[in-house]
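Visitor: Numbering (the numbering used here), first residue to last: 1010 to 1080.
Cβ atoms here follow ideal geometry from the backbone N, Cα and C, with glycine treated the same way.
Since the structure is predicted, the reported quantities are computational estimates derived from the model, not experimental observations.
This is the structure in structure tokens:
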């Protein structure tokens, strides 16, 4: 089995982009782009190379995402 060497990105569903961005800025992440796309998504990046994709539909109550909203 191959050892995992690094993580490219993580997706986090959030209710409030500004709150999430400001929190992760305190941990060394810098804003890259967004919100963009149909979901929409915003991206922050750490100097270690890790990206966090904020999925900005945390307060959405309809149109379930089958990959994230069902058991």
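(1) Beta strand (DSSP E) containing residue 1050: first to last residue?
(2) Restricting to Cα atoms, I'd like to know which of 1040, 1059, 1019 and 1011 is closest to residue 1026.
(3) With 16 other CB atoms within 10 Å as the buried threshold, where does residue 1061 fall?
(4) Exposed or buried, which one is residue 1051 when buried takes at least 16 other CB atoms within 10 Å?
(5) Below 8 Å between beta carbons: does that hold for residue 1048 and residue 1066?
(6) To the nearest angstrom, report how far apart residue 1043 and residue 1015 are at their CA atoms.
Guide: Based on what the coordinates show:
(1) As a working mapping, residue 1050 is identified with position 41 in the chain shown. Residues 1050-1054.
(2) Numbered from its first residue, the chain shown carries residue 1026 at position 17. Taking only the C-alpha atoms, the option nearest residue 1026 is 1040.
(3) For this step, residue 1061 is matched to residue 52 along the chain shown. Label assigned to residue 1061: buried.
(4) Numbered from 1 along the chain shown, position 42 holds the residue referred to as residue 1051. The residue in question, residue 1051, is buried, as its Cβ has 16 or more Cβ neighbours within 10 Å.
(5) Reading the chain shown from its first residue, position 39 is the one you call residue 1048. Reading the chain shown from its first residue, position 57 is the one you call residue 1066. With contacts defined as CB atoms closer than 8 Å, residue 1048 and residue 1066 qualify as a contacting pair.
(6) Along the chain shown, read from residue 1 onward, the residue named residue 1043 stands at position 34. Along the chain shown, read from residue 1 onward, the residue named residue 1015 stands at position 6. Those two C-alpha atoms are separated by around 24 Å.
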